[in-house]
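To keep things clear, I will list the structure first and then write my remarks on it.
Dropping the structure here:
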């Protein structure tokens, strides 16, 4: 299992010292820079609102990544190892991209406001979602047509195409009144067929039944009758569990059916290649958008917790899976002083001022203790913490 942690801690003017503190807490786990640009902070109200919005966008992005992986698995039927090797983000593997993350300023310009950047990412994700839905709808439609074609080619004699099974010699041709009808009879009812087909209706040619083919479930018979009683014959046959096939020998029609089947198969192959390549190409955009949403969450939460001007150290940690609980506890113990920090109190006061004078008075009279919320939020940490659960390709399928 691969796991990434995004952690942000106060730098107190010395990023190197903050790095060493985090490294001391995480032991032999990997730590990497997680570089963020100088983003526009905006107002406190904007940051608080964005904090909630970014959480929702984060969930949507993760769900989209899951959908991409699941769709690729269902379409390509490859192992996780092979699939992971084919997926890249900006020419890198997902692991390399996350560990060497650098803000894409050419795509998400840092001189724009935070809401504008978030809206841009959300719009791009919505576009990708729409494209995926459209492509899957197109593919599923042709896949259903292909299923019908293959069912006709490989099903039993009650459903499969009779092209190639029935020959010209099996049919009455150029008769104004007579027609050859083909009936699929369950194997356990062949005796009933032979004893009753002449009496199912009037105008059945006596002793005209002929066995054409058989499989493990059905025997295909032909029988000659007058055209005017075909509907009545079909209804009576259905009552006895005999299946009258809708088939008239027509070489031109059979040629068209074969051509249509070949066309459907070719279309399915082309669409499969197209959507698979699109998924692999767009996958990088989805991952990049997701990690940028994570980066924005780190920035917004860090400013909300640690105050302004921004003075914090964001890092990416790849924890030792067997020691995650221990590492979290060591980090929580070291940064426990942040639970009742003066900056957190200032944040509460500012939040109160933005709402009403009455609320301001209340927050000034009482300290803002984040620890009070830890009993409610089981995933609370005194430092900024976000997880990137890269479990999508861990187990072989």
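Residue numbers (our numbering): 18 to 414. Glycine included, C-beta positions come from ideal geometry on N, C-alpha and C.
Assignment of beta strand (DSSP E) within the segment 233 to 276, counting only whole runs of 3 or more residues, yields 235 to 243 and 260 to 262 in chain order.
Its chain contains 135 as the residues whose beta carbon lies nearer than 7 Å to that of residue 70, once the 5 sequence neighbours on both sides are disregarded; these appear in chain order. Beta-bridge annotation (DSSP): residue 21 is paired with 405. In the displayed model, residue 29 falls within coil according to three-state DSSP, outside both helix and strand. Burial check for residue 179: the Cβ neighbour count within 10 Å reaches 16 or more, so the residue is buried.
If you draw a straight line from the Cα of residue 137 to the Cα of residue 72, it is about 16 Å long.
Taken atom to atom, the span from the alpha-carbon of residue 246 to that of residue 167 is near 32 Å. Assignment of residue 191 by DSSP, reduced to helix, strand and coil, places it in the coil class.
For residue 239, same chain residues with a beta-carbon under 6 Å away, outside a window of 5 residues either side, are 187, 197, 199, 227 and 229 in chain order. Taken through DSSP and simplified to helix, strand or coil, residue 165 comes out as helix.
Segment contact: the segment 327 to 334 against the segment 21 to 30, three or more CB-CB distances shorter than 8 Å; contact assigned. For residue 55, there is no enclosing beta strand (DSSP E), as DSSP gives it neither H nor E.
For residue 333, the enclosing beta strand (DSSP E) stretches over residues 329 to 335. Between the alpha carbons of residue 20 and residue 99 lies a distance of about 20 Å. Separation of the CB atoms of residue 43 and residue 336 is rounded to 7 Å, and the pair is thereby assigned contact status at 8 Å. In the DSSP assignment, the residues bridged to residue 47 are 335.
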